[in-house]
Structure formats: C-alpha cells, structure tokens
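Visitor:
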Amino acid sequence: MTDSAVNYAKIEFVKSAFKMAQLPEEALPEIAFAGRSNVGKSSLINRLVNRRGLVKVSARPGKTQSLNYFIVDGKLYLVDLPGYGFAKVSKKLQDDWQELVTEYLATSPTLRCVVVLIDLRHILKSQDRELVEWLRSRGRPFLIVYTKRDKLSNNEQAKQAASLDAALGMNKQDRVLFSAKTGEGKAELMAAIATFLR
Ligand SMILES: Nc1nc2c(ncn2[C@@H]2O[C@H](COP(=O)(O)OP(=O)(O)OP(=O)(O)O)[C@@H](O)[C@H]2O)c(=O)[nH]1
Ligand SMILES: [Mg+2]
C-alpha cells in the first residue's frame, strides 16, 4: 500500500472497544496512537484527516476511554488509545485501560506501527521511556512524534528535540516534530506512517 493509495479524507468512525473481544472482526492494517493523557493523540488524528470534530478532544486529561477505531478509505484502521499518566479518572479505571492497551499492543497481529506522542515542551517522563523500551524489547515497530511544537520558538524546539532524542536514543531522522494546531509536520508524519504500510 503506498501513501498515495490512502485517501485520508475518507474516514469513518467504526467503534469503541472496551475489551479485547470488541476489537473489529475485519483484519486491516492498524496504526495506533499512544501517549500520556492530554498529549494530543485525538487532536493529531483530527489534523491528519482534516476533520476537526471527528475525534473528541478535551482540555481535561482522560477524554479517550476506550480503543477508538476509525477506518480510512476502507483500507486501514487508525486506533486512538486512552492516555496514560495523569488522566483525571479513578485508579481502577486507569488500571483497566492500561491492561487493555497493553494486551492490544502486545498481541494485535495487524498492528503495523505505534505512533508514540511526546510533548516537546517537557523532559522525558518515565512512562514514555517505559513504553518506548517495552516496544523496543518486543520488536514492535513504532514512530516517535514530538508534538505541541507551536508552543515553542524554533530555537527551543531544536533544543528540546535534541534532549528528548538523547534521552530516548533516537536518531533525528526517525522522529517527527508536529503541531496539531498549525499542521506543521503533517507531511512528514504522513510520509513516515506510509513507510509502515508498504
Ligand atoms: N497548542 C497545541 N495544543 C494542542 C496540540 N495538540 C493537542 N492540543 C491540545 O491539548 C489538549 C488535549 O488534546 P487531546 O487531543 O484531547 O489529547 P489526548 O492525548 O487525546 O488526551 P486523552 O484522550 O485524555 O488521552 C486539547 O486542549 C488540545 O486542543 C498541539 O499540537 N498544539
Ligand atoms: Mg484522546
């Protein structure tokens, strides 16, 4: 599947899965979006497909509470995952999400890439590091996206990105700087995602 073969404008909500048994039956390549609560996973998907209200976005961490499946062009699923970290929900609910997300990431046979969003403004959080190390240890393909770049000057962006690269052991060419607000980095992101769909 090449990039040009996927029409991102043709996107539809499929379903919300609250347990593994509710995952879609049709097997299609999947791209999942993971990261801390409030980092901007849902906003990134909206920007990717240029549909502002497609995925619910909130200033309150913990908005996404299930695995939300969207089908693109009848060919590909985008999966919006609940966030980890400081979601304003009960410990029990967070543990339930964590279990579901972990099982999904560990076992999905159709998952092509986990897009890991990290806030460009902050130093690396332990949970981000743990997720990346876990994906590496399992040989799960992933793509790092540093987001909310619009909140920093160009100088600060470069400085922060270099420090996160060092903390994660990432090469510059293997991650994307992005803003859901301005759309900067969208073309690079789409090109990077396409490499996982070939
Ligand atoms: N300035 C700026 N704000 C952003 C960006 N991406 C997301 N936001 C804002 O950050 C907040 C959280 O965005 P969401 O997309 O709901 O974050 P999420 O990761 O899906 O959060 P959960 O579903 O709670 O895990 C919202 O107020 C967004 O408008 C960005 O690139 N730039
Ligand atoms: Mg969300």
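If you use the numbering used here, the sequence shown corresponds to residues 14 to 211, in order. Think of the CB as a built atom: it goes at the ideal place given N, C-alpha and C, for glycine as much as any other residue. Note that the structure is predicted; figures quoted are calculated from it, not measured.
Hey, N59 and V68 are a contact pair by Cβ (cut 8 Å); roughly how many whole angstroms apart?
Guide: Counted from its first residue, the sequence shown places residue 59 at position 46. Counted from its first residue, the sequence shown places residue 68 at position 55. Confirmed, about 5 Å.
Visitor: Determine, using beta carbons only, whether V27 and I84 come nearer to each other than 9 Å.
Guide: Taking the sequence shown and counting its residues from 1, one reaches residue 27 at position 14. Taking the sequence shown and counting its residues from 1, one reaches residue 84 at position 71. It is a contact, given that the beta carbons lie within the stated cut-off.
Visitor: Under a Cβ-count criterion, where at least 16 other Cβ atoms within 10 Å of its own Cβ denotes burial, should I136 be classed as buried or exposed?
Guide: Counting from one through the sequence shown, the residue named residue 136 turns up at place 123. It is exposed - the Cβ of I136 has fewer than 16 other Cβ atoms within 10 Å.
Visitor: May I have a chain-ordered list of the beta strand (DSSP E) segments no shorter than 3 residues that lie completely inside the region 65 to 91?
Guide: 80 to 85
Visitor: DSSP on K199, reduced to helix/strand/coil?
Guide: Start at 1 with the first residue of the sequence shown, and residue 199 comes out as number 186. Note: K199 maps to helix in three-state DSSP.
Visitor: Assess, as a yes-or-no matter, whether the region 86 to 93 is touched by the region 164 to 174 under the definition of 3 or more beta carbon pairs within less than 8 Å.
Guide: Taking a contact to require three or more Cβ pairs closer than 8 Å, the region 164 to 174 and the region 86 to 93 do not qualify as touching.
Visitor: Please report the distance separating the alpha-carbon of D16 from that of R125.
Guide: Walking along the sequence shown from the start, residue 16 turns up at place 3. Walking along the sequence shown from the start, residue 125 turns up at place 112. Residue placement at D16 is flagged as unreliable, the pLDDT there being 48, under the threshold of 50; the coordinate-derived value follows with that caveat. Near 14 Å, if we compare the C-alpha coordinates of R125 and D16.
Visitor: I need the DSSP call for T123, collapsed to helix, strand or coil.
Guide: Within the sequence shown, the letter at position 110 stands for residue 123. Three-state result, T123: coil.
Visitor: Let me check one thing: in DSSP terms, what residues is E43 bridge-paired to?
Guide: To locate residue 43, count along the sequence shown from 1; it is residue 30. Answer by DSSP bridge pairing, in chain order: Y90, L124.
Visitor: Are the CB atoms of V92 and L106 within a distance shorter than 9 Å?
Guide: As a working mapping, residue 106 is identified with position 93 in the sequence shown. As a working mapping, residue 92 is identified with position 79 in the sequence shown. 9 Å or more divides the Cβ of L106 from the Cβ of V92.
Visitor: Would you tell me roughly how many angstroms separate the C-alpha atoms of D141 and Y117, rounded to the nearest one?
Guide: Counted from its first residue, the sequence shown places residue 141 at position 128. Counted from its first residue, the sequence shown places residue 117 at position 104. Going by the C-alpha atoms only, they are around 17 Å apart.
Visitor: Report yes if the CB atom of P122 is closer than 9 Å to the CB atom of A40, and no otherwise.
Guide: By one-based count along the sequence shown, residue 122 stands at place 109. By one-based count along the sequence shown, residue 40 stands at place 27. Cβ distance < 9 Å, so P122 and A40 count as in contact.
Visitor: So who's on the other strand from K32, going by DSSP bridges?
Guide: The sequence position of residue 32 within the sequence shown is 19, counting from 1. Answer by DSSP bridge pairing: none, since K32 is not bridged.
Visitor: Quick one: Cα of L190 to Cα of T120, how far?
Guide: Residue mapping note: residue 190 aligns to position 177 of the sequence shown, counting from 1. Residue mapping note: residue 120 aligns to position 107 of the sequence shown, counting from 1. If I take the Cα positions, the gap works out to 29 Å.
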